[in-house]
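All remarks here apply to the structure that follows.
There are 2 protein chains.
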Amino acid sequence: MQYHLNGFRPGDPAVALQTPSATDQSDVDVLIVGCGPAGLTLAAQLAAFPDITTRIMERKTGPLEVGQADGIACRSIEMFEAFGFAERVLKEAYWVNEVSFWRPDAEGNGLHRADRIQDVEDDLSEMPHVILSQARIHDFYLDVMRYSSHRMEPDYDRELISLITTEDPDYPVTATFSCLDTEGKIETIRARYVVGCDGARSVVRKSVGQELMGDSARQLWGVMDVLAVTDFPDIRLKTAIQSQDLGSMLIIPREGGYLVRLYIELDALQGEERAADRDVSPDMLIQKARDILSPFLLDVKEVAWWSAYEIGQRVCDAFDDVPVVERGQRTPRIFIAGDACHTHSPKAGQGMNVSMADAFNLGWKLAAVLRGQAKPMLLDTYSEERRAKAKELIDFDRDMARLFSAKPKNAGEAAQFQIYFKRHGRYTAGVETRYDPSIITRTTKHQTLANGLTVGMRFHSAPVIRLGDGKPMQLGHVLKADGRWRIFAFGGAEDVGQPGGGIAELCDYISHPTNPFGATVGKGEHVDSVIDVRAIFQMPHQEMKFETMPSLLRPTKGLYRLVDYEKVFCPDFKNGLDIFDQRGIDRQKGALVIVRPDQYIANVQRMTDFDDLGLFFVSLMNPN
Amino acid sequence: MQYHLNGFRPGDPAVALQTPSATDQSDVDVLIVGCGPAGLTLAAQLAAFPDITTRIMERKTGPLEVGQADGIACRSIEMFEAFGFAERVLKEAYWVNEVSFWRPDAEGNGLHRADRIQDVEDDLSEMPHVILSQARIHDFYLDVMRYSSHRMEPDYDRELISLITTEDPDYPVTATFSCLDTEGKIETIRARYVVGCDGARSVVRKSVGQELMGDSARQLWGVMDVLAVTDFPDIRLKTAIQSQDLGSMLIIPREGGYLVRLYIELDALQGEERAADRDVSPDMLIQKARDILSPFLLDVKEVAWWSAYEIGQRVCDAFDDVPVVERGQRTPRIFIAGDACHTHSPKAGQGMNVSMADAFNLGWKLAAVLRGQAKPMLLDTYSEERRAKAKELIDFDRDMARLFSAKPKNAGEAAQFQIYFKRHGRYTAGVETRYDPSIITRTTKHQTLANGLTVGMRFHSAPVIRLGDGKPMQLGHVLKADGRWRIFAFGGAEDVGQPGGGIAELCDYISHPTNPFGATVGKGEHVDSVIDVRAIFQMPHQEMKFETMPSLLRPTKGLYRLVDYEKVFCPDFKNGLDIFDQRGIDRQKGALVIVRPDQYIANVQRMTDFDDLGLFFVSLMNPN
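So the sequences go chain by chain: A and B.
Using this note's numbering, you'd call the opening residue of the first sequence number 1 and step up by one each time.
Using this note's numbering, you'd call the opening residue of the second sequence number 1 and step up by one each time.
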């Protein structure tokens with residue numbers, strides 16, 4: 001964390017200096033509808049910019065307290081680190097360290113533990129896979145919003161009743177809300193952009209004429225959070241149980257050491273039957289869970305929350321308001337994210353994660369366009385990128401749900417699920433997401449310069465030592481959710497005897513006022529405010545001299561032009577493998593890695609291909 | 001963190017269910033005078049017990065905002081982990097990773113870096129050495145107090161004007177405060193115990209007739225926190241500079257990446273001269289710092305805080321109100337802690353740490369006596385233990401201050417300080433504290449069973465895997481500040497084929513109602529509420545069966561008699577060395593380690609010396 005830049009300020013450094021709030025403003029830059037994981041991620045992202053006004057409206061009367069999603073993929077915690085609250089999640093959450101698989105023995109009797117495996121493979125992420133109530137994740141986001149310069153708070157009791165696009169050049173979308181806390185009262189807000197994060201029954205989605213398309217698999221499931229006593233030995237492990245004839249159950253231990261979530265397979269729905277028609281009750285779920293777990297005992301003492309749902313894999317045609325025929329002709333003004341544009345079963349633990357990833361993808365793009373940095377066509381990439389990922393997810397989910405519900409006829413069949421599960425560990429960890437080539441994701445032409453940092457995938461962190469203060473840390477943790485692009489320059493052989501070498505040349509290029517970057521940065525602003533350049537050298541940090549670094553790597557900033565000492569890194573040799581080995585960096589040539597504000601790798605290129613670097617940003621950014 | 005034991009409860013699990021508060025009560029169990037690090041540590045410790053009423057009074061008008069202490073030893077962060085806020089400190093603080101030493105070259109010219117070393121040796125602690133404003137540490141303690149069942153808040157604007165002991169059998173100490181916020185108003189509080197954490201000019205100390213004895217070294221020092229621009233390359237490393245003729249300076253980089261603290265040697269005081277006589281000003285300190293740092297430049301942009309002080313090493317004869325002749329005849333009622341009973345220079349970074357350690361030593365003892373668990377003689381050990389440590393500290397500080405201020409005549413002399421500094425790294429990390437044998441610290445008779453867990457020293461954590469959920473974690477992090485004793489049973493060879501073996505026998509013994517423990521536990525309470533038993537086996541956790549563990553290691557608790565799955569551990573083999581090797585546990589015989597509620601090791605003994613175990617607790621605890 002860097003602070004005190006413009007003078008010492010006592011108190012919590014996470015609390016920003018206050019600027020005028022958007023609360024009660026009727027004209028805003030961004031209007032978010034819905035306070036779920038997507039809406040809150042987006043609000044927290046936009047809260048980082050004092051020059052953007054945002055409001056977030058929610059139909060419910062207050063913050064979520066119980067239930068709903070709880071699985072948090074490694075990738076989401078990497079993102080939470082960017083928002084500054086990963087450590088709170090890691091502290092409270094249950095950590096999924098292992099997964100166990102139980103099924104009848106070869107004769108079809110009883111239940112036995114068929115396997116017990118590590119949940120997340122080594123070095124998949126610096127973060128674990130954890131389980132924590134969605135309500136707590138909401139709380140953490142609400143704190144980020146509350147501590148921002150806007151002191152942003154959601155407006156509750158606001159139900160969207162209409163959303164129309166007008167000819168107004170500044171605020172072309174008008175939203176009308178019914179104020180549920182004041183009978184008959186209506187609130188109208190005009191916005192430059194509107195984002196519907198309003199769930200599977202999204203009013204925003206309907207207003208742009210989109211609908212969720214796909215199967216309803218007709219399989220009924222129950223879910224409940226319980227405090228229970230059992231002699232089942234793996235009750236504190238994530239466990240998949242496939243009984244002989246009574247269906248399947250997934251055990252997800254929860255935070256706090258005692259609570260546990262059970263996903264329980266119920267019967268297939270018939271004809272036009274809906275989940276609500278079945279009169280599912282907690283007692284029914286408890287009885288079914290006891291049957292599946294038999295001969296082990298399950299004594300449920302308290303049901304903290306429960307629900308019943310059908311599995312259905314559905315997705316919209318587009319995640320914004322631009323019809324196919326108009327694509328490229330005009331930029332989108334209304335977006336949808338999260339459950340509003342894709343639904344799937346909760347068992348793969350993807351729901352909250354994918355919704356947050358939607359919003360993280362969209363947030364920086366909206367900010368860059370609103371702040372005049374990027375061309376509006378950047379906004380087209382949201383629907384392109386995230387719809388492709390949603391389709392992958394529902395395909396994955398359909399396979400997984402089918403395998404999990406299949407009655408295993410023999411051990412071989414039962415083991416299919418287990419094999420599938422293992423193979424897809426990377427996918428469920430959220431680190432397999434790979435965006436296709438576009439204006440913000442280039443090709444893999446120079447991928448061999450950094451084989452472990454794949455273009456289109458998230459920047460995979462590794463341990464380093466920060467030169468300025470010798471601190472051992474994760475390189476990926478410099479990727480804060482501040483809307484900045486990042487350039488990581490990994491030094492090649494000629495940088496070993498620095499000063500000089502490719503990194504010095506790169507810094508000269510970037511610093512030079514006539515380069516294509518200069519034009520993208522606001523007057524009087526340092527390039528660092530838009531593009532954060534970091535360098536990683538191959539030598540032990542004790543052999544490096546900070547004072548010989550190019551001035552771009554020790555920039556002066558803020559009111560007092562203080563020096564930023566946090567731009568240069570070296571391998572952490574105590575770690576066994578160093579980052580050059582861990583991420584497959586070409587030690588001879590080095591590598592230049594361009595990282596998007598959402599932590600995805602835009603390009604890997606040669607250090608001194610300055611034209612490529614310049615063109616990348618010029619194609620995307622507005623001249624200032 | 002364990003929660004939801006007595007039913008699911010939404011919200012922040014750190015916030016306890018509210019019980020009636022002691023605020024405004026005029027009769028309390030413990031009255032704390034002073035809101036510094038000692039007072040707040042004690043208040044946070046006592047806040048853990050809903051059955052103890054505590055008030056804490058402070059002369060200042062509100063919480064500390066700037067300045068004062070900033071060095072936080074590894075040992076203190078281990079303690080913060082017990083209070084539940086270590087991660088907040090680690091996130092905000094500057095990490096002291098390396099120390100550099102600068103002095104003139106062999107010809108006495110300029111300054112050069114003579115050495116640059118790792119600050120904390122490997123495996124000294126699982127926690128780093130960090131720097132963070134004392135004000136933030138206060139904030140974290142205030143949050144612990146605020147979130148406790150008492151919702152404890154300090155009373156500010158309360159100046160202690162008298163403290164007397166009466167014959168009242170229940171509340172024998174009466175304190176009178178002047179309410180500085182309401183002219184002429186007086187507040188009187190009666191307490192069972194009073195603890196003076198009211199600093200070097202302690203009124204509580206004077207009221208018990210104690211005084212600080214020792215030298216005033218007459219060396220004047222200045223300290224300031226600055227935002228500055230410099231070409232001195234090690235400005236973000238802890239750096240000791242010994243100039244040829246201009247004195248010495250210590251650079252302590254601060255949190256946030258820009259702020260830095262400078263300790264600057266000024267001239268020796270003459271005769272009766274005091275620090276205040278010298279008219280020290282920030283400009284004077286800046287000029288002196290520039291002189292010492294020359295030929296490097298220092299451009300100070302803002303002075304966030306500054307002070308000037310004399311070094312003096314002083315300590316009281318006793319840290320409570322029992323005169324030598326009455327020792328053992330009556331138990332103490334008034335205690336002093338922190339700067340109230342010892343003063344020393346700030347440069348070894350010990351001030352805040354030792355004060356907090358005083359209070360952590362006292363807190364659990366007061367709680368155990370107030371709750372009727374322990375015999376009142378336990379309270380005598382506070383002054384015995386902590387006065388011995390204060391004397392060690394001032395001896396260390398005197399040596400260090402002398403060496404630091406010595407004008408080095410040649411490189412050999414200059415290097416003396418550096419050698420001394422390295423040798424004492426363990427001491428300044430706070431992990432060398434070793435209490436002498438007493439009723440709560442036994443002899444080292446069986447020390448060889450666990451050579452790395454020294455009787456009288458703090459429990460040195462190491463990585464383990466928790467059996468119940470396969471979680472990799474630090475074993476020491478189960479040592480929460482909850483007033484409980486802990487028994488760590490490290491399994492020997494016969495425990496490898498568990499069930500059976502020494503751990504099973506030990507659990508039988510402890511669980512048996514006729515053992516000496518039974519009597520120390522309240523009616524209807526589980527032994528676990530007073531003594532927390534944990535077992536560590538040698539085998540990989542995948543080879544262990546939770547369900548065959550003795551019932552003491554899977555105790556049922558709370559309203560629903562839910563099972564606690566967090567008592568059993570195995571080595572973390574991914575960690576290279578396993579805990580049995582790291583802490584020198586006898587693999588044949590195993591070891592039983594008794595740990596005090598303040599994390600210090602009371603005894604290492606043989607697993608099945610039940611009589612020794614029973615006698616240890618019987619000698620200390622009250623029958624119930």
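Even for Gly, the Cβ is constructed at its ideal location relative to N, Cα and C.
- Counting along the chain, the unbroken beta strand (DSSP E) around Q242 of chain A starts and ends at K238 to Q242.
- Under the three-state reduction of DSSP output, P253 of chain B falls in the strand class.
- Its Cα nearest to that of F488 of chain B, the residue B:G476 stands out among B:A481, B:G247, B:G476 and B:E494.
- Buried is the label assigned to F404 of chain A, since at least 16 other Cβ atoms lie within 10 Å of its Cβ.
- Judged by DSSP in its simplified three-state form, H477 of chain B adopts helix.
- Flagged as an interface residue toward chain B: G256 of chain A, by a C-beta distance shorter than 7 Å.
- For L506 of chain B and L111 of chain A, the gap between their C-alpha atoms comes out near 33 Å.
- The C-beta of Q418 of chain B comes no closer than 7 Å to any C-beta of chain A.
- For C179 of chain A, the enclosing beta strand (DSSP E) covers residues V173 to C179.
- Here DSSP, grouped into helix, strand and coil, assigns C197 of chain B to coil.
- In this structure P597 of chain B is in contact with G483 of chain B, their Cβ atoms being roughly 5 Å apart against a cut-off of 8 Å.
- Residues of chain B with a Cβ closer than 9 Å to the Cβ of Q2 of chain A are, in chain order, G256, G257 and Y258.
- Ranked by how close their Cα comes to the Cα of A276 of chain B, the residues B:S294, B:S307 and B:L262 have B:S307 in first place.
- For E326 of chain A, not one C-beta of chain B is nearer than 7 Å to its own C-beta.
- Straight-line spacing of the CA atoms in K557 of chain B and V527 of chain B works out to 11 Å.
- A contact between stretches requires three or more CB pairs, one per stretch, nearer than 8 Å, and the region 156-165 of chain B fails this requirement with the region 289-307 of chain B.
- The Cβ atoms of F616 of chain A and C570 of chain A do not sit closer than 7 Å to each other.
- The straight-line gap separating the alpha-carbon atoms of G468 of chain B and P104 of chain A is approximately 23 Å.
- Close CB contacts of L592 of chain B within its chain, under the 6 Å cut and outside five residues either way in sequence, are with A489, Q605 and M607 (chain order).
- Note on geometry: alpha-carbon atoms of D572 of chain B and N97 of chain A lie some 13 Å from one another.
- Around the beta carbon of G430 of chain B, 16 or more other beta carbons sit within 10 angstroms, so the residue counts as buried.
- Taking 9 Å as the cut-off between beta carbons, the residues of the region 566-593 of chain B near chain A are E566 and K574, in sequence order.
- Rounded to whole angstroms, G11 of chain B and A135 of chain A show a C-alpha spacing of 8 Å.
- C74 of chain B has its alpha-carbon roughly 5 Å from the corresponding atom of M127 of chain B.
- When the Cα atoms are used, D612 of chain B and L479 of chain B turn out to be separated by approximately 23 Å.
- By the neighbour-count criterion, in which a residue is buried when 16 or more other Cβ atoms sit within 10 angstroms of its Cβ, L559 of chain A is exposed.
- Looking from the CA of T41 of chain B, the closest CA among B:K60, B:F83, B:E65 and B:F49 belongs to B:F83.
- In the three-state reduction of the DSSP assignment, V325 of chain B falls in the helix class.
- Within the region 560-617 of chain A, complete alpha helix (DSSP H) segments of at least 4 residues are found at 579-582, given in chain order.
- Annotated three-state conformation of P472 of chain A is strand, per DSSP.
- Neighbours of K91 of chain B in chain A, taken as residues at a C-beta separation under 8 Å, are given in chain order as M1 and E87.
- Interface criterion met: the Cβ of D469 of chain B is under 7 Å from a Cβ in chain A.
- For L266 of chain A, the enclosing beta strand (DSSP E) stretches over residues V260 to A268.
- Leaving aside the five residues that flank A411 of chain B on each side, the residues in its chain whose CB is nearer than 6 Å to its CB run, in chain order, A106.
- For the C-beta of V229 of chain B, the chain A residues within less than 8 Å are, from N- to C-terminus, T556, Y560, R561, L562 and V563.
- The beta carbon of K288 of chain B sits closer than 6 Å to those of I264, all from its chain and outside the five residues before and after it, given in chain order.
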